[in-house]
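Take a look at the structure set out below.
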Amino acid sequence: MEEMVDNKTEYDVAIIGGGPAGLAAAVYAARGGMKTVIFEKALIGGQITTTADVENYPGFEDNMSGFDIADKMRKQAEKFGTEIKLENIKSIQSENFSKLVETDSNKYNVKSIILATGANPRKLGVQGEAKYTGRGVSYCATCDGALYRDKIVAIVGGGDSAVEEAIFLTKFAKKVYIIHRRDELRAVKLIQKRAFENDKIEMIWDSIVKEIKGGDFIEKVELYNKKTKEISELDLDGIFIYVGIIPNNELVKSVVELDGQGWLKKRHSATAECLL
């Protein structure tokens, strides 16, 4: 394995991913006296930064934005000496007790690697989705919701994230549809209650999106009702997709074992997977 000349690039622990899990790991590692670095290719904080109001975070009676929580976690990690590098990792090589992390611009020798690579939004995989991404199709209501003031939008999904973001979108949109493939939501009851009581929200049950249509921007979606077998069209200005996540583990598939869906396989009696 290639040896690094500059000792400043050697770390006890490298954490891949700067979301809440990675930041929490950094706090423990750095506070424990280990020279720690976080590698993040995008925004420190990960997906939590896209959440407008977090009301179930222990220790905070008042709602906080996901961005604020991420900022506090970053500052806490840095307080204990964690270095943060906004670099895209090209490869990870593991050889005995030494690891080499190569980014687009540098190489780093590390003793241990903690994987906190997170996940990406799952796509619907329907015609028109890729074409209209950024032109009416979005995966982040917090990021793009304000663009739809007094517009008609839809959320696809029925879990906590989908329903919470539908409620958030009512701050801007004049109408919000929740398109769900089942006849009941999977979100927790409290969130469901808030959605059902919101006059701007309308449920479309037992339906899936078959196609997203439009000109330069989205104009409508084609829906298929699983119970009645009917096909209909719904006029929309925007659609937000919340149908789950897929693991962001492509980078490490050659050095750790993944299951059939791309998630890390957990060892027996282990709580996490890392390269040791």
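Residues in the sequence shown are numbered from 62 upward in steps of one, following my numbering. Yeah, the Cβ is synthetic: ideal placement off N, Cα and C, and Gly gets one too.
T203: member of the alpha helix (DSSP H) spanning A202 to D205, first to last residue. In the structure shown, D129 adopts helical secondary structure according to DSSP, grouped into three states.
Rounded to whole angstroms, the separation of the alpha carbons of D244 and W266 is 5 Å. Under the three-state reduction of DSSP output, D296 falls in the strand class. Beta bridge pairing from DSSP links Y209 with no other residue. Contact annotation: A227 and Y209 have beta-carbon atoms that are not nearer than 9 Å. Here the alpha carbons of E291 and Y118 stand approximately 42 Å from one another. The beta strand (DSSP E) runs of length 3 or more contained entirely in the stretch 125–172 are, from start to end of the chain, 144–146, 150–156 and 159–164.
One Cα belongs to Y169, the other to N149, and the distance between them is close to 13 Å. By DSSP's assignment, F229 forms no beta bridge with any residue.
Nearest to G305 by C-alpha distance, out of A180, E263 and L284, is A180. In the three-state scheme derived from DSSP, where H, G and I count as helix and E and B as strand, G79 is classed as coil. Shown here, L284 sits in a strand according to DSSP, grouped into three states.
Sorting Y238, I130 and Y285 by C-alpha distance to the C-alpha of K212 places Y238 at the top.
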